[in-house]
Amino acid sequence: MVFSIIKNWFRHPEPPQGIIEDPRKEEEKELDYQDEEILEVAPIAWPRWEAIKTKIEKDLSHYKVFNQDGSSSCLAQATALALGIDNYLEEGKFIAFSPADIYCRRANKPRKGMYFQDALHLAYKRGATLYDWLPTDGLNEEEINKLLDKYLPSYGEVAKVFKAGNYFWIKDGHKDIERVAYWLNVERRPVILGVAFGNKEWPRTEPKILTKYAIYRHGICAVPEGAFLKNGKAYILIQDSWGVNSGWNGRRFVSEDWWKQGRILGALTFKKLKNTWRSEEDRPKPKYKFERDLVFGMKNEDVRMLQECLKYEELFPINVPSTGWYGNITAKAVYKFQVKYEVAPMAELDALKGRRVRPKTRAKLNELFGK
């Protein structure tokens, strides 16, 4: 798992980091959403840099390049950028959101840096207010931490309007550049990445791995449609938060070497999950007979049809494919189904949290959807 990969970077005391170790218990981490439950990935046709450069430059011209200066707020900066890109993709207008609205609410405050889930969960639950109301460029750690003293109730109301969608770990995103590229080029989503680097490796247009001592951990945002080939090598275009004078106008070309040599710490993205469909289309009712118990972690046709039935019940997202993998999204939907139809005492349902489809649940499913 990616969690153990990250943990290996924290064996010895090191300089202050932008990304810190996730302190949650393993059972909490296991509840995080994984992208394999909502996405069926196929190999992409990697475009050449020359073919996409003009389009990319046009998009990038709309995105604000943050400058975190001396603070360790990079993960919040990357997340705020992803929120702005989201709005650009949906409405054609980039909105600059304040990284401070995320960073100053971190679970580990006053310690520096953040962990992945904390940053994305704050964006999902609270959103972020407008950058112009809480500007952060050029602020050091002490200065950025004081910004919430200026926070007005109206700022929070605006932030709620721009909350992020659900967030997902990209399966093997720390070692599989192809899967990251699929999210960028096919799904057209920004991707939050963590990277580990050593002295003099990172501050250049094309970061180079020069040492085995990767002592810094940093959060960055890969931009949609930013996976490409250059001189026969795969690259991901990222936007950093070190100002416009660093790299290629604030962006960098991160090569496949960083995935191959274990320098990527993790990859996450946002996608809004939508459960309601009846006002938009007349969806046919699924027909299926469930003859076997189902458990968390399974992947088969029974689970796929379970997801189809749960979609009909408006309990499972309708804007994603039914992949047949029984993960946390399916478990959450199963739990709601079991509660809705009172298939067992609440104490039993609360204990299982939707991770089992047993005879009583199957009986109800078959009553509603059986052939």
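Numbered by our numbering, the letters in the sequence shown go through residues 874 to 1244 in order.
Cβ coordinates follow ideal geometry from the N, Cα and C atoms, glycine included.
message: For Leu-995 and Val-1034, what's the separation of their Cα atoms in angstroms?
response: Here the question's residue 995 lines up with position 122 in the sequence shown. Here the question's residue 1034 lines up with position 161 in the sequence shown. Cα-Cα distance, rounded: 14 Å.
message: According to DSSP, Ser-1128 sits in a beta bridge with which residue or residues?
response: The count along the sequence shown starts at 1 and reaches residue 1128 at position 255. Looking at the DSSP output, Ser-1128 sits in a beta bridge with Tyr-1108.
- prompt: Which value, in whole angstroms, describes the spacing of the CA atoms of Lys-982 and Arg-1235?
  reply: Residue numbering aside, residue 982 sits at position 109 when the sequence shown is read from its first letter. Residue numbering aside, residue 1235 sits at position 362 when the sequence shown is read from its first letter. Between Lys-982 and Arg-1235, the C-alpha separation is close to 46 Å.
task: Could you pull out every residue in the same chain whose Cβ sits closer than 6 Å to the Cβ of Glu-1181, ignoring the five residues on either side in sequence?
output: By 1-based counting over the sequence shown, the position of residue 1181 is 308. Closer than 6 Å at the Cβ level, and outside the excluded window around Glu-1181, lie Pro-1159 and Ser-1195.
message: In the DSSP output, which residue or residues are listed as bridge partners for Trp-919?
response: Position 46 of the sequence shown, counting from 1, holds the residue named residue 919. None, per the DSSP bridge assignment.
task: Under 7 Å Cβ to Cβ from Asp-1130, same chain only, skipping five residues before and after it: list those, please.
output: For the purposes of this step, residue 1130 is taken as the residue at position 257 of the sequence shown. Cβ contact annotation for Asp-1130 (same chain, cutoff 7 Å, sequence separation greater than five): Ile-1082, in chain order.
- request: Compute the Euclidean distance between the alpha carbons of Gly-1046 and Gln-941, then round it to the nearest angstrom.
  value: Position 173 of the sequence shown, counting from 1, holds the residue named residue 1046. Position 68 of the sequence shown, counting from 1, holds the residue named residue 941. Roughly 25 Å separates the two Cα atoms.
field: Residues bridged to Pro-1137 (per DSSP)
entry: In the sequence shown, counting from the first residue as 1, residue 1137 sits at position 264. Strictly speaking, residue 1137 in this sequence is Ile, with Pro absent from that position. DSSP output for Ile-1137 lists Val-1068 as bridge partner(s).
query: When the Cα of Lys-1036 is compared with those of Glu-1079, Gly-1120 and Ser-971, which residue comes out closest?
result: Your numbering for residue 1036 matches position 163 in the sequence shown. For the residues Glu-1079, Gly-1120 and Ser-971, the minimum Cα distance to Lys-1036 belongs to Ser-971.
- prompt: If we call anything under 9 Å between Cβ atoms a contact, is Tyr-1208 one with Asn-1039?
  reply: Counting from 1 along the sequence shown, the entry for residue 1208 is found at position 335. Counting from 1 along the sequence shown, the entry for residue 1039 is found at position 166. In this structure, Asn-1039 does not lie closer than 9 Å to Tyr-1208 by Cβ.
message: Mapping the DSSP letters down to three states, classify Thr-1142 as helix, strand or coil.
response: Numbered from 1 along the sequence shown, position 269 holds the residue referred to as residue 1142. The three-state secondary structure of Thr-1142, taken from DSSP, is strand.
- request: Tell me, to the nearest whole angstrom, how far the beta carbon of Lys-1044 is from that of Glu-1014; I am working on the premise that it is less than 8 Å.
  value: Here residue 1044 refers to the residue found at position 171 when the sequence shown is read from its first residue. Here residue 1014 refers to the residue found at position 141 when the sequence shown is read from its first residue. Rounded, the Cβ-Cβ distance is 34 Å, inconsistent with contact.
field: Run of the beta strand (DSSP E) containing Ile-968, from where it starts to where it stops
entry: By one-based count along the sequence shown, residue 968 stands at place 95. For Ile-968, no beta strand (DSSP E) segment is defined, and its DSSP state is neither H nor E.
- prompt: Among the residues of its own chain, which have a CB less than 6 Å from the CB of Met-1171, if the five just before and after it don't count?
  reply: Numbered from its first residue, the sequence shown carries residue 1171 at position 298. Once the five neighbours on either side are set aside, the close Cβ partners of Met-1171 are Tyr-1199.
message: Could you tell me the alpha carbon to alpha carbon distance between Leu-1242 and Ala-1206, rounded to whole angstroms?
response: As a position in the sequence shown, residue 1242 is number 369, starting the count at 1. As a position in the sequence shown, residue 1206 is number 333, starting the count at 1. Sequence inspection shows Phe at residue 1242; the Leu mentioned does not correspond to that position. The straight-line gap from Cα to Cα measures roughly 16 Å.
message: So, with DSSP's three-state summary, where would you put Pro-1097?
response: Walking along the sequence shown from the start, residue 1097 turns up at place 224. Shown here, Pro-1097 sits in a strand according to DSSP, grouped into three states.
field: For Ile-1088, the three-state DSSP class (helix, strand or coil)
entry: One-based indexing of the sequence shown puts residue 1088 at position 215. Coil at Ile-1088, not helix or strand.
- request: Indicate the three-state DSSP secondary structure (helix, strand or coil) for Trp-1056 in the structure shown.
  value: Here residue 1056 corresponds to residue number 183 of the sequence shown, with the count starting at 1. Three-state DSSP puts Trp-1056 in a helix.
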